[in-house]
Every structure is written in C-alpha cells, then in structure tokens.
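Inspection log for the structure reproduced underneath, given as structure tokens.
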Amino acid sequence: MIGAIRSELTRLGQPRLLITWFGLTALFAAMINTIMVTFLSGGGSMPPGAPGVAFPTLAQMESPSGLMSGLAAASSMFGIVTLSFWALATASDYSSGLIRLLVAAEPRRWRLLAAKAVALALVTAAATTVAAIFNVLVVLPAAGAAGLSTSAWGTDLVNVVGSAWLHLYIAMCVWGVIGLVIATLARSAAVAISIGVGYLLVVEGMVKMLKDVPSDWLLGTTLGAVASGGTAAISFGSALTLALGYVALGLVAAGVVYARRDVTD
Amino acid sequence: MQEDRVSIITTAGLTRRFGPITALDNLTLELPSAGVIGLVGPNGSGKSTLIRTLLGLIRPTDGTATVLGSPITSPAAYAARVGVLIESPAFSSGLSARANLVSIARLRRLPLARVDAVLTQVGLAGRDREPVKQFSLGMKQRLGIAAALLSDPELLILDEPTNGLDPAGIVEIRELLRDLGRNGRTVIVSSHQLSEIEAVCDHLVVIRFGKLIFSGPMAEMMKRTREHIDIAAEHDADMDRLQTALVADGWNVTAVDDILRVAASVTRAAELNRAAMASGVTLRRLELAQDNLEEIFLEMTGRVDGELASSRAAANGTVAA
Chain Z
42 MIGAIRSELT
52 RLGQPRLLIT
62 WFGLTALFAA
72 MINTIMVTFL
82 SGGGSMPPGA
92 PGVAFPTLAQ
102 MESPSGLMSG
112 LAAASSMFGI
122 VTLSFWALAT
132 ASDYSSGLIR
142 LLVAAEPRRW
152 RLLAAKAVAL
162 ALVTAAATTV
172 AAIFNVLVVL
182 PAAGAAGLST
192 SAWGTDLVNV
202 VGSAWLHLYI
212 AMCVWGVIGL
222 VIATLARSAA
232 VAISIGVGYL
242 LVVEGMVKML
252 KDVPSDWLLG
262 TTLGAVASGG
272 TAAISFGSAL
282 TLALGYVALG
292 LVAAGVVYAR
302 RDVTD
Chain D
17 MQEDRVSIIT
27 TAGLTRRFGP
37 ITALDNLTLE
47 LPSAGVIGLV
57 GPNGSGKSTL
67 IRTLLGLIRP
77 TDGTATVLGS
87 PITSPAAYAA
97 RVGVLIESPA
107 FSSGLSARAN
117 LVSIARLRRL
127 PLARVDAVLT
137 QVGLAGRDRE
147 PVKQFSLGMK
157 QRLGIAAALL
167 SDPELLILDE
177 PTNGLDPAGI
187 VEIRELLRDL
197 GRNGRTVIVS
207 SHQLSEIEAV
217 CDHLVVIRFG
227 KLIFSGPMAE
237 MMKRTREHID
247 IAAEHDADMD
257 RLQTALVADG
267 WNVTAVDDIL
277 RVAASVTRAA
287 ELNRAAMASG
297 VTLRRLELAQ
307 DNLEEIFLEM
317 TGRVDGELAS
327 SRAAANGTVA
337 A
C-alpha cells in the first residue's frame, strides 16, 4: 500500500498540475478576501452571497476568527478546484491508458484506488496550506487599508488558524472524493467537473430557492458548514457526519465499479 | 525450441463475449516456457482480449486459464513476475521518463536501481530527464519496453513492441527480445509485423475470430510453405497471353501485381521456361521463391481486413471478434 501511495505521489508531482492547482487555490483565497474587505470597508454590509460563497458579517470579520474567515467563505470554490483536480488525476489514468499498466502491475485494484485517494489527500493538505497562507497574506494588508478593526485577530491564533485549516481541509477532501467518485464512474474528468460545477451553481441553488424544501443536507451547504466549523443551521458534528456519509457512499460505489469493471481503455 | 517444456500459459475453453461479439471463442492452448512466442491474427481477432484476460484486466465469460501456474482469477499471484506493454505505451506525459519508471518501480516495490538498468537496456539512458511529451513514438515505445522490463519478469507480454521504431531500432529490439528468450525468459510478442515475428519467434500462435488457428513451433508453421516460381514476360502486353497459355497447358498460375506466380517446385523451372517460349513469349524474369510467413498467414486467415470481416460477420449474426 505504501508503495502504491508513493507511486501515486510521484505521478502527482507534475509541476504544471501542482502550479495550476495551488495557483487557483491562492487566487481564490486572494479574491475572496479582497471582495470581503471591500464590501465591509466603511461599515458596509455583505451581499447575500453568490452560489458557493457565504460571506461573514462585519462582527464575525472583526472577531478573532475573522482572520481566517475567507477560507470558510469560499470553501465551495476551493472545493470545486479540489474536485476538479481529483477528477483530473483519476480520469487521466483512463484517458492516457495508464490504467492498463497500473492494474497489470497491481491487480488488487482497491489498493490502487485507496492509494490514489490517500495521495490526493496529501496534496490537498498542501493546497489547503497554500489557501491559508494566501488568505493571511491578503487579508492583513487589505483589512488594514480598509480600516477594519483587526485588534482581535491575534487572540488564540494557533487555535483559530489550526481549526480553520482543519475544517477547510476536511471539506476539500470530501469535495475531492466526490470528484474521484464521479471520475471513476464516468472515466472522464470533463464529465466529473461539469457535474460538480453544475450541481453547485445550478442544482443546489435551485433547491435552496424552494422554500418548503430543507436544504441543510445539500452537499455544498453541508461542506460549507464543515468548513465554517458549524453554522446556525447545522452543527459541525452533524455536518461532518453527513459529509462522511457522502464519502462512504461514494467510495463504496466507486470501489465496486473500479474493482469489477473491465479495463478496456 | 523444445515443445515438452512446462506450459507458462494455459487456457481451456476461454471465452469472452462483448454483447453480440465473441472476442474469444472457446480458446484452448498451451504455451511453452522460455523463448519468444509470436501471437498473430488479423485486426479484431481477439489478441488484445486474450492478453487483457490473461492479465486480469478483463474477466472471461467462460473457461479457465493459468499464467505461470496460477489461475487468472488470482492475477496478484503472478503480476510481479509478468512485464507488459499493452497496445500503445501509456505514461504521464508531464513527467520525465525516469519519473514515470520510478512511479512504476514504487508501485511494484522494486529497487530504484532497476530504473537505471532498464533505461540503459533500451537505450534511453541519456534522455531519461526529458518529459515524455517530448518523446517520439519510437522513444515512447522504448520507454514502454523499459517499463515492462522493470521487474526483470519471467514472462514478458509485448503488444507491437517495434511500433514506431526506425529500422535500426527494430533490429536492436529484435536482438533484445531474442536475448531475453535465450536467457530463460518467455516473451510473447503480439504484432502485425509478420516479418518481425518470423525473424524473432520460436513458437507461433495464430488466432482469428477468437478461435485458435495454429499453435506450434515456428519451424512447423514454416513447413507449410510452398515453393513457387515468379515469372514476367519481356513485354507487359504479353502477360495475359502468357497466363492463358500456361493455364491451358495445365499450370497453376496466379497474377500477383506485375508478375505471374506459378505454383511449381524449383525442379520445373526449365520446363516452365520452355512452355513460355512455346507460347511465343520470352521471359525477362524467372525467379524461384518460397512463401514467407505473411503468405502462409494470409492463406490461413483470409485476405480480408480482420475488422471488416468481423463487422460483416457480426452483421450476419455469425461469430466474430
């Protein structure tokens, strides 16, 4: 298993892939913080939120956790980036034909799939760290320039940064697993990314518009709650349990298909 | 090569259907260990399906098979002892040749020293830091063979190993395969290059429509060759007249491109020349020849493109691959 993980990490070490992945993550971290601070400057208020984005209030922004609030605010955006790269890494094995070589070398296919998930989770940890670093690098000067009160931001710093990182990391991994599952089933990164983005921007948005239908169970909402450490609507524990349920369901489906399907690509 | 050695691969009634298509049709064969084995058949004959089935990539609909003594239902039992190049070489194009091999070595838990060894073996030692996307087809092919050799396998299965190589590269790889076969490895080469197969293989397997047509030593196959005499009239305009006259005289004559091929042994060459002269035609060419593997192959499998034949057969509701 260790060999399979190291093998997968070697293949994931493609400079262009990592630069694009981390670059997009850094870009979203910078963008969300710039937007948040711009709206809140001068005592203004946030817009109601766009699909995949949940803005904090001014009070939340100026609280100790405000330093890292950008991570939770754009967790769905980070999630879509993660989903995309997990899907790309999974589907490229099929599109390149590498799957033939991999399965011939390691016929215990569940090991290949598990190793891929573990390796991608490790790279996702690095991506989460990039997001956290760029979040801090942007929000500090932006908040200072906009006149926001940042006096509380040093309070309980390690806990604030650590929990924000961990919550975002869990959410990103779940998004990633969704990408891996769809890419395994569809054998196509394009299909997986289209479904992921389409779901977040269209399906989830439409369900939320239906007043009589509860939306706490929706993937984006659930993972947004995980990334935020819980919300008023759904606690962190409930959100995490639901997210892990999604992961287990997806991995079982992908695992069964991956293990049993003929490799004809 | 002796045929009483232990079988490295056995199949018994191996069948694989894809919907209405029968890719492998009750295939039963035994392949000897050590040496180079040619696997040939027209397009769509079931070669790739057979290889994939033996490697555990696809499951048979019916029948059984063993590889290195283990059933194909447990490919993990023999995967470490088998090296493969299936269809085109597949790699992460953004990675260097070395990184790709390191990735496979790690998956197979092999020492990284093997990477250098196989890079040297296939002649890529100086190019190993370059990204694979910059490689020519021939270099990718060499890298594919290197990947197959990484585990120093007992059994090597190579699909079109010389595809994309230049003539010098083909000779080089041919020598490599011969050496591997001589040194106790078993190398199965699937190829459309019948001259390659003829040059390098000790044993031959021919399949068509998923059925076994021939399996045996190459020497036995070559016994099927027939002698013939190729002739051409001095003037092209006389070719039809010459053919008509010879056929009337009882010769078995076939027009092939710009010559007439007469099914006759070398001992009848003078008689044939006299017959031509008697019909008033002077020969500018009289050449004694023997069928090569390609001729025998075409005779056995038909002269129609395999995939076209398959699709026609499928359309007619008959078995095809």
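Read top to bottom, the protein sequences are chains Z and D. Okay, so the first sequence: first residue is 42 according to our numbering, each after it adds one. Okay, so the second sequence: first residue is 17 according to our numbering, each after it adds one. For each residue, glycine too, the CB sits at the ideal point set by N, CA and C. Note that this is a predicted model, so its numbers are computed, not measured.
R68, L71: these are the residues of the region 52-71 of chain D whose beta carbon lies less than 8 Å from some beta carbon of chain Z, given in chain order. A straight line joining the alpha-carbon of L84/D with that of D168/D spans about 15 Å. Spanning the alpha carbons of S152/D and D182/D requires a straight line of approximately 11 Å. Under the 10 Å beta carbon count, K149/D is surrounded by fewer than 16 other beta carbons and is classified as exposed. Distance from R114/D to A121/D at the Cβ level is roughly 10 Å; contact not present, criterion being Cβ atoms closer than 8 Å. Taking C-alpha positions only, F277/Z is separated from A284/Z by approximately 10 Å.
The residue from L123/D, G180/D, L159/D with its alpha-carbon nearest to that of V138/D is L159/D. Distance between S204/Z and G270/Z, taken at the CA atoms: about 8 Å. Taking a C-beta distance under 9 Å as the contact criterion, N74/Z and V159/Z do not qualify as a contact pair. Taking each of S119/D, L30/D, D41/D, L314/D in turn and checking the Cα distance to T89/D, the smallest one comes out for L30/D. In the structure shown, A184/D falls within a helical segment according to DSSP collapsed to helix, strand and coil. For T82/D, the enclosing beta strand (DSSP E) has its first and last residue at 78-83. Linking V52/D to E176/D through their CA atoms gives a straight-line distance of about 14 Å.
A271/D and L43/D have their C-alpha atoms roughly 36 Å apart.
Chain Z places a beta carbon closer than 9 Å to that of V100/D, counting this residue as a contact. By the CB criterion at 9 Å, L290/Z and V267/Z fall outside the cutoff. Ranked by Cα distance from F119/Z, the options M42/Z, D257/Z, G217/Z are led by G217/Z. Ranked by how close their Cα comes to the Cα of V202/Z, the residues S190/Z, S235/Z, V171/Z, L161/Z have V171/Z in first place. At least one CB of chain Z lies nearer than 9 Å to the CB of G110/D. Using beta-carbon distances, R201/D does not count as an interface residue toward chain Z, since no partner is under 9 Å.
Residue pairing by DSSP places F34/D opposite I37/D in a beta bridge. Cβ contact annotation for A96/D (same chain, cutoff 7 Å, sequence separation greater than five): R124, S167, in chain order.
In this structure, L242/Z lies away from L260/Z, with their beta-carbon atoms at least 9 Å apart.
Residue-level contact check: V164/Z does not touch chain D, since none of the beta carbons of chain D fall below 9 Å from its beta carbon. In this structure, the CA atom of F107/D is about 43 Å from the CA atom of F96/Z. Here the C-alpha atom of L66/D lies approximately 21 Å from the C-alpha atom of L314/D.
DSSP places A92/D in no alpha helix (DSSP H); its state is neither H nor E. Beyond the five residues adjoining it in sequence on each side, F175/Z comes within less than 6 Å, by CB distance, of A67, A70, A71 in the same chain, given in chain order. Scanning its chain for C-beta atoms nearer than 6 Å, with the 5 sequence neighbours on each side dropped, one finds around I234/Z the residues S125, A128, in chain order. Between L81/Z and L99/Z, the beta carbon gap of about 5 Å places them in contact (Cβ cut-off 8 Å). Annotation: Cβ neighbours of A45/Z in chain D (cutoff 7 Å, chain order): L123. Segment contact: the region 197-213 of chain D against the region 275-291 of chain D, fewer than three CB-CB distances shorter than 8 Å; contact not assigned.
The C-alpha of E170/D lies about 20 Å from the C-alpha of E103/D. Residue-level contact check: A145/Z touches chain D, since one or more beta carbons of chain D fall below 9 Å from its beta carbon. Contact annotation for R141/Z against chain D: R68, L71, L73, V100, I102, E103, A106 [CB-CB distance below 9 Å, chain order].
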